[in-house]
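2 protein chains.
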Amino acid sequence: MSESPERPDRISAEITGAEHAVMEALWQRSPLTAQEVCEEVCGPRGWSLATVKTLLSRLVAKQAVETEPDGKRFLYSPRIERTAYVGAESRRLVDRLFGGRAAPLFAHLAQSEQLTQDDIAEIEALLKELKS
Amino acid sequence: MSESPERPDRISAEITGAEHAVMEALWQRSPLTAQEVCEEVCGPRGWSLATVKTLLSRLVAKQAVETEPDGKRFLYSPRIERTAYVGAESRRLVDRLFGGRAAPLFAHLAQSEQLTQDDIAEIEALLKELKS
DNA sequence: CTCCATCGTCTACATGCGTAATCGACTACG
DNA sequence: CGTAGTCGATTACGCATGTAGACGATGGAG
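Chains as they are written, first to last, in the numbering used here: chain A, 579 to 710; chain B, 579 to 710.
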């Protein structure tokens, strides 16, 4: 993939923990109404619809979510890709804690026994790809 | 007054961004006085000594830092290990963004070109160790 | 013994975040 | 048409965070 002429996937502000839950719902399926987002997240997090509306507003303000009118209400869609968000967050962690090097992160995960056999196999396969 | 001995390897509360900078200074060298911590971090972050004092107090309250009297002042030392902190933070990221699986994180780092040849070699070596 | 430089603590205050009630606009039903 | 329900917007409020000044204790210089 090369650079597109236009990329709306720029994260203008931090997405907080609560907001992230909303983003996950939208990344899973979109566009959604506020009501539908609530159906996804209100239960697990014990939120009210009002809370979801607030979070959606803030995400729109942060340009992380865009709206599309649908009669009297809005349909919400992510404006940044999950991949971009995940990449930025990962990079932040690696920068902050591992001096920007990924290998130490990996070493850490390995040593803290957070890697399953499946993980290891998967990573091996990825390494093979990277080397070719 | 007599407090029971507590486990120093448990993070009781979240360490925030600003606090983290202070922790890094203490992980690098300790014990340090507030003044010395300030010499390490005030410049880069544009803080005043008062700010460092506040952060140290909050870290003490969070039991992330311990004090040792030295005349009229205190010497501050980390009460949690960097390794533990880094592990917890890494786990949080992996849980939040990758469903608790480390392999996808790795795949992401690989795909976003954040892995250097050195990283790859290092990780290969680690994998060999894990498999043996 | 006095005074001053420092020390940690207390207090402060703006902003951000989590959570939510309320309000004014609008639609759909009767 | 009017009324009830629903929508987004506005407002609220307590706690966390980033940043720092003010204050009282105190140890060391003279």
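Glycine included, every Cβ here is placed at the ideal spot set by N, Cα and C.
For A:L556, tell me which candidate among B:L693, B:K706, B:A703 and B:L704 has the shortest Cα-Cα distance. A question about residue 556 of chain A goes unanswered here, because the residues of chain A that appear run from 579 up to 710.
For A:V664, go through chain B and note every residue whose CB falls closer than 8 angstroms to its CB, in chain order. L675, F676 and H686
Contact residues within the segment 641-658 of chain B, judged by C-beta distance below 8 angstroms to chain A: none
On the three-state DSSP scale, how would you describe B:E700? helix
Where A:P656 falls, given that 16 or more other Cβ within 10 Å makes a residue buried: buried
Limits of the unbroken beta strand (DSSP E) element including B:T594: Element bounds for B:T594: n/a, residue is neither H nor E.
Report yes or no: do three or more beta-carbon pairs, one from the segment 633-644 of chain B and one from the segment 630-641 of chain A, lie closer than 8 angstroms? no
State buried or exposed for A:S626, treating a residue as buried only when at least 16 other CB atoms are found within 10 Å of its CB. exposed
Apart from the five residues on each side of it in sequence, which residues of its chain come closer than 7 angstroms, Cβ to Cβ, to B:P586? With a pLDDT of only 43 at B:P586, under 50, the local geometry of the prediction cannot be trusted, and the value read off the model is given with reservation. Counting only Cβ-Cβ distances below 7 angstroms, and skipping sequence neighbours, we find R657 and I658.
As a quick exercise: from B:S608, B:R670, B:F676 and B:E617, pick the residue whose alpha carbon is nearest that of B:E646. B:S608
Is it buried or exposed, B:E584, if we count other Cβ atoms within 10 angstroms and call 16 or more buried? Unreliable positioning characterises B:E584 in this predicted model, as indicated by a pLDDT of 42, which lies under 50. The coordinate reading is nonetheless provided below. When all chains shown are included, B:E584 counts as exposed.
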